[in-house]
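Letter 310 of the sequence shown, counting from 1, is numbered 310 in our numbering, and no numbers are missing.
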Amino acid sequence: MALDKNQIELDLKSALSEIANTKNFDSLKQVKIDHLGDKSPLARANQSLGSLDAKDRSDFGKFIGDARSQVNEAFRKKTEELESERDVQVLQTERVDVTLAKPRTLEGGLHPLTILTNEISDLFIGLGYNVAEGPELESEWLNFDALNIPADHPARSMQDTFFIEPLEAKLVLRTHTSPVQIRTMLTQKPPIYVICPGKTYRADELDATHTPVFHQVEGLVVDENITMADLKGTLDYFAKSIFGNDVKTRLRPSFFPFTEPSAEVDIFFNGRWIEWGGCGMVNEKVLIACGVDVKKFSGFAFGMGLERTLMVKHGITDMHDIVEGDVRFSQSFGVGKK
Ligand code: DAH
Numbered sequence: 001m002a003l004d005k006n007q008i009e010l011d012l013k014s015a016l017s018e019i020a021n022t023k024n025f026d027s028l029k030q031v032k033i034d035h036l037g038d039k040s041p042l043a044r045a046n047q048s049l050g051s052l053d054a055k056d057r058s059d060f061g062k063f064i065g066d067a068r069s070q071v072n073e074a075f076r077k078k079t080e081e082l083e084s085e086r087d088v089q090v091l092q093t094e095r096v097d098v099t100l101a102k103p104r105t106l107e108g109g110l111h112p113l114t115i116l117t118n119e120i121s122d123l124f125i126g127l128g129y130n131v132a133e134g135p136e137l138e139s140e141w142l143n144f145d146a147l148n149i150p151a152d153h154p155a156r157s158m159q160d161t162f163f164i165e166p167l168e169a170k171l172v173l174r175t176h177t178s179p180v181q182i183r184t185m186l187t188q189k190p191p192i193y194v195i196c197p198g199k200t201y202r203a204d205e206l207d208a209t210h211t212p213v214f215h216q217v218e219g220l221v222v223d224e225n226i227t228m229a230d231l232k233g234t235l236d237y238f239a240k241s242i243f244g245n246d247v248k249t250r251l252r253p254s255f256f257p258f259t260e261p262s263a264e265v266d267i268f269f270n271g272r273w274i275e276w277g278g279c280g281m282v283n284e285k286v287l288i289a290c291g292v293d294v295k296k297f298s299g300f301a302f303g304m305g306l307e308r309t310l311m312v313k314h315g316i317t318d319m320h321d322i323v324e325g326d327v328r329f330s331q332s333f334g335v336g337k338k
């Protein structure tokens, strides 16, 4: 290849102008291949130096070397320029504004049923009661037999009770909190003053007024000279604490196997009588089964549904709201707001 200084200058100019026009790293890469690579015009010119005589070789060698170092220098500067542009851009796009308000996250809060349970526990603790608990998986004997509920009682049937397999184990999901009465009397001597809030289970479909998993609070008192008047006074106080001082209570004769006499307790609330729960004097058979000296002691008991209490108290008309766990429901009770 014949060497020509004009051509070398043209090659140099085109290299410099392409480098000058380069706007990004991709085209810079191409420019490097075209003008600095082994096959670039200046490299080829350099490669053909060997065929020149000594004088021309040094003359052209210098000329080409000078051109190549100009291209190298321009390439170096362009690389630097693009790098600093990129750094500025990264700083802008990835900028963190440390003064921005943090995203508001909701704080967890207690479910209204838990709030009610705590409220009830507090008020009875204030009366000197203890809070007792029992297992949700309960023996059939404690859930039924010890409470004087016989084997042929309808409450024991498959429709109401979740029996646990194998059936010979005689275990059920407790259908009420009343077995905790038995557990308490079997382990403590009177005087006994306990309430037992907890989860209970019945084979019901979830609808506006039923849920298969629900909550009750049980009350049990066993002491000397306990009468129905004590029961009535306690229920009055309980009702007033929960529903307000204007509420009235009344007892209607009823039947429960574990109390005798038994009653339904109604409350007069928002202008009408509403059924609230069951109660009565603890049946002697139950006291005797638990080893209580019935000549000396008598007792009363009561049991209320907590979902029902919550619905009446707050005018909730659909059970779904209580069980579905939508945070907007809890928030309307002032829970979890920020
Ligand atoms: N255990 C009853 C039920 O689930 C409620 C009840 C009624 C509990 C009367 C009592 C009571 O302690 O005395 O329907």
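Note that CB positions come from ideal geometry on N, CA and C, so glycine has one too.
Cβ shell of residue i (< 8 Å), same chain only, five flanking positions each side left out
i	result
Asp230	Val221, Phe300
Lys338	Bear in mind that the predicted position of Lys338 carries a pLDDT of just 49, short of 50, making it unreliable; the figure below should be weighed with that in mind. For Lys338, where only same-chain residues beyond five positions count, the Cβ hits under 8 Å are Arg104, Thr105, Leu106, Glu107.
His215	Leu113, Thr117, Pro197, Gly198, Lys199, Thr200, Gly305, Leu306, Glu307
Cys339	Lying before the first or after the last residue shown, residue 339 is absent from the chain, which here runs from 1 to 338.
Ile192	Thr184, Met185, Leu220, Val221, Val222, Asp223, Gly299
Ile288	Val294
Residue i classed as buried or exposed, judged by whether at least 16 other C-beta atoms fall within 10 angstroms
i	result
Ile195	buried
Glu307	buried
Val339	In the structure as shown, the chain starts at 1 and stops at 338, and residue 339 therefore has no counterpart that could be examined.
Phe255	exposed
Trp341	Residue 341 cannot be examined here, being either before or after the span of the chain that is shown, 1 to 338.
Asn46	buried
Glu400	This structure cannot settle anything about residue 400, because the visible part of the chain is limited to 1 through 338.
Gln159	exposed
Glu324	exposed
Ala15	buried
Glu85	exposed
Val96	exposed
Val265	buried
Gly128	exposed
Asp246	exposed
Option nearest residue i by Cα separation, candidates the options
i	options	result
Pro197	His153, Ala15, Asn118	Asn118
Glu218	Leu52, Phe238, Val90, Leu206	Phe238
Asp326	Gln89, Gly109, Leu28	Gly109
Gln89	Asn24, Glu224, Glu284	Asn24
Thr309	Glu324, Lys296, Gly278, Lys295	Gly278
Lys232	Ile8, Arg250, Trp141	Arg250
Ala146	Ala20, Pro257, Thr227, Glu275	Pro257
Trp141	Ser262, Pro179, Met311, His153	Pro179
Leu42	Asp26, Lys102, Leu12, Asp236	Leu12
Gly315	Gln7, Phe243, Thr187	Phe243
Thr79	Ser121, Ala54, Ala101, Val31	Val31
Pro253	Ile19, Gly280, Leu235, Gly271	Gly280
Ile8	Ile120, Asp66, Gln92	Asp66
Trp276	Val286, Lys313, Asn245	Lys313
Val286	Thr234, Asn148, Asp152, His210	Asn148
Glu165	Glu81, Glu138, Pro191	Glu138
Ala344	Asn21, Ile192, Asp87	A question about residue 344 goes unanswered here, because the residues of the chain that appear run from 1 up to 338.
Gly126	Thr234, Thr161, Ser69	Thr234
Leu82	Asp26, Lys102, Ala101	Asp26
Contact set for residue i: own chain, Cβ-Cβ below 6 Å, skip 5 residues either direction
i	result
Phe144	Arg156
Glu260	Asn283
Leu123	Ser241
Phe163	Val172
Ser298	Ile226
Lys248	Phe268
Arg76	none
Ser121	Val131
Ser262	Ser254, Phe255, Phe256, Gly280
Ile322	Glu307
Residue i beta carbon near ligand 3 (any heavy atom closer than 7 Å)
i	result
His176	Absent from the structure shown: ligand 3. Ligands present: ligand 1.
Beta-carbon proximity list for residue i, same chain, < 7 Å, skipping 5 on both sides
i	result
Pro212	Tyr201, Arg202, Ala203, Asp204, Leu206
Lys5	Phe63
Phe60	Leu3, Leu49, Leu52
Whole-Å CB distance - residue i paired with residue j, under 8 Å assumed
i	j	result
Leu36	Val71	6 Å
Phe329	Ile115	Not confirmed; about 12 Å, so no contact.
His176	Gly303	6 Å
Ala151	Thr317	That pair is no contact at about 38 Å.
Beta carbon proximity, residue i to chain C, threshold 8 Å
i	result
Ile195	Note that chain C does not occur in the displayed structure, where there is just one protein chain.
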